[in-house]
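First the structure, in the form of structure tokens, and then the observations on it.
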Amino acid sequence: MNKEKLIEKYFKDCILRKRLNEKTIKAYRIDLDQFSKYVDDNLTNPDKISDYIYYLNNEYEKPKTIKRKIASVKAFYSYLEYEGYIDVSPFRKIRSKMKEPFILPKTISPDLIQKVISYQYNLINNAKTEYQLKQNVRNTAIIELLLATGIRISELSYIEQININLNTGTLKINGKGSKERNLYINIEPVINILNRYVTLYKEELKSTEYFFINKEGQRLSEQSIRYFLFNIGKQLELPIRLTPHKFRHTFATMLLEDDVDIRYIQKILGHSSISVTQIYTYVTSAKQKEIMLEHNPRKHFVS
1 MNKEKLIEKY
11 FKDCILRKRL
21 NEKTIKAYRI
31 DLDQFSKYVD
41 DNLTNPDKIS
51 DYIYYLNNEY
61 EKPKTIKRKI
71 ASVKAFYSYL
81 EYEGYIDVSP
91 FRKIRSKMKE
101 PFILPKTISP
111 DLIQKVISYQ
121 YNLINNAKTE
131 YQLKQNVRNT
141 AIIELLLATG
151 IRISELSYIE
161 QININLNTGT
171 LKINGKGSKE
181 RNLYINIEPV
191 INILNRYVTL
201 YKEELKSTEY
211 FFINKEGQRL
221 SEQSIRYFLF
231 NIGKQLELPI
241 RLTPHKFRHT
251 FATMLLEDDV
261 DIRYIQKILG
271 HSSISVTQIY
281 TYVTSAKQKE
291 IMLEHNPRKH
301 FVS
């Protein structure tokens with residue numbers, strides 16, 4: 001069987017057996033297409049694969065990107081071995097471990113969050129056209145949901161109407177690896193703006209399964225969400241770039257600073273491993289350092 005057919009069979013397996021989502025499949029396909037062009041027909045040649053890893057290390061700066069691309073190829077070879085297309089995965093003889101630099105998650109300070117929220121509700125109150133009103137209500141609803149749940153942008157973009165119940169204040173999320181989790185959003189300002197959004201978009205929502213939509217009535221893309229958040233930051237001249245993931249980091253960090261057990265935060269965020277969630281403990285440690293240095297009682301006294 002030729003290389004292209006093997007790759008297509010692998011993607012069918014990813015969809016049917018592994019039940020990977022559309023975004024993950026797309027990323028895998030990009031990575032495997034790149035790998036396929038590089039190795040040509042030398043699929044089982046360890047030297048060629050080692051050369052490819054060397055090429056990635058020289059081509060890309062971010063260890064996280066390199067690691068993901070290698071993981072995509074490694075998963076493909078695991079499939080080939082499992083299905084009997086090859087005897088042994090060449091990755092068994094290849095070492096590709098690399099240490100990623102430790103970077104603390106970036107959060108949004110409470111005063112900046114308040115500035116963003118006030119700005120959005122001011123836009124709603126001063127909207128001059130129905131189009132402006134609808135767009136501003138939708139964008140505000142998205143910001144409220146990001147802040148109240150810490151969900152990933154991909155999860156937010158793909159929320160289906162059937163999975164959100166504003167009467168009970170519950171939201172079912174289909175997360176990474178097709179793992180479902182329930183979130184609770186019965187907080188007055190959040191429910192109020194979501195209800196207002198549903199009322200304004202009542203007719204458009206009848207023609208789609210998705211909850212957040214654009215002016216054409218189609219699912220609101222992740223890029224559109226990133227773009228309007230970026231523009232808000234630009235309009236307000238914020239000292240940071242406003243991104244969906246910063247809201248996620250902020251949500252988790254604020255819960256931790258309020259003494260919420262890290263195991264609950266793990267479940268809320270949909271992390272498969274608690275080690276991923278533990279990165280936020282370093283953020284609060286950094287906050288402790290700032291407090292002790294900036295607000296230490298000893299600074300009130302002279303020697």
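So the sequence shown is numbered by full-length UniProt numbering: it starts at 1 and just counts up by one.
All C-beta atoms in this analysis are idealised placements derived from N, C-alpha and C, irrespective of residue type, glycine included.
Here the structure is a predicted model, which means the values were calculated and not measured.
Span of the alpha helix (DSSP H) around residue i
i: Arg92; result: Careful: Arg92 lies outside any alpha helix (DSSP H) and carries neither H nor E.
i: Ile265; result: Ile262 to Leu269
i: Glu130; result: Glu130 to Thr149
i: Leu205; result: Lys202 to Leu205
i: Leu156; result: Ile153 to Ser157
Within 8 Å, strictly: CB atoms of residue i and residue j
i: Ala252; j: Gly150; result: yes
i: Asn238; j: Leu112; result: Per the sequence shown, residue 238 should be read as Leu rather than Asn. Taking 8 Å as the Cβ cut-off, Leu238 and Leu112 qualify as a contacting pair.
i: Phe35; j: Val73; result: yes
i: Gly175; j: Asn186; result: no
i: Leu194; j: Leu166; result: yes
i: Leu236; j: Lys115; result: yes
i: Lys23; j: Ser221; result: no
i: Phe211; j: Ile159; result: yes
i: Asn57; j: Ile49; result: no
i: Ile70; j: Thr44; result: no
i: Gln161; j: Thr140; result: no
i: Ser157; j: Arg219; result: yes
Same chain, Cβ closer than 8 Å to residue i, five either side skipped, listed in chain order
i: Ala248; result: The question names Ala, but residue 248 is Arg in the sequence shown. So the qualifying residues of the chain are Leu146, Gly150, Ile151, Arg152 and Leu269.
i: Lys93; result: Pro46
i: Lys106; result: Ile240, Lys246 and His249
i: Gly217; result: Glu204, Ser207 and Thr208
i: Glu180; result: Lys172, Ile173 and Asn174
i: Tyr52; result: Phe35, Tyr38, Val39 and Val73
i: Glu290; result: none
i: Lys267; result: Arg181
i: Tyr60; result: Ile66 and Lys69
i: Lys5; result: none
Close-in-space but distant-in-sequence residues of the same chain around residue i (CB under 7 Å, 5 per side omitted)
i: Tyr282; result: Leu104
i: Asp41; result: Lys3
i: Thr202; result: Looking at the sequence shown, residue 202 is not Thr but Lys. So the list is empty, once near-sequence residues are dropped.
Other residues of its chain near residue i: CB distance less than 6 Å, five sequence neighbours each side excluded
i: Val190; result: Glu144 and Ala148
i: Asn163; result: Lys172
i: Ala127; result: Leu133 and Asn136
i: Tyr28; result: Ser72
i: Leu80; result: Ile86
i: Asn214; result: Leu220
i: Thr129; result: none
i: Ile108; result: Lys246 and Thr250
Contact belief for residue i with residue j at Cβ below 8 Å, rounded distance in angstroms
i: Arg263; j: Ile279; result: Incorrect: roughly 15 Å between the Cβ atoms, too far for contact.
i: Tyr55; j: Tyr38; result: 7 Å
i: Leu32; j: Phe91; result: Rounded, the Cβ-Cβ distance is 14 Å, inconsistent with contact.
i: Ile265; j: Ile142; result: With a Cβ gap of about 22 Å, Ile265 and Ile142 do not count as contacting.
i: residue 343; j: Arg138; result: Summary: the structure shown does not reach residue 343, with the chain confined to residues 1 through 303, and so no result is reported for it.
i: Cys14; j: Ile25; result: 6 Å
i: Thr284; j: Glu257; result: 6 Å
Enclosing beta strand (DSSP E) for residue i [first to last residue]
i: Ile173; result: Thr170 to Asn174
i: Leu112; result: Element bounds for Leu112: not the beta strand (DSSP E) but the alpha helix (DSSP H), Pro110 to Asn125.
i: Tyr184; result: Glu180 to Tyr184
Neighbour flag for residue i against chain D, beta carbons, 8 Å
i: Thr65; result: The structure shown contains no chain D, having only a single protein chain.
Query - Contained alpha helix (DSSP H) runs [length at least 4] in the UniProt domain "Core-binding (CB)" (1-81), N- to C-terminal order - result: Whole alpha helix (DSSP H) segments, 4+ residues: 3-16, 22-39 and 46-59.
Query raised in the report: Mind pulling the alpha helix (DSSP H) runs of 4 or more residues that sit fully within the segment 209-279?
Result: 222-235, 244-257, 262-269 and 274-277
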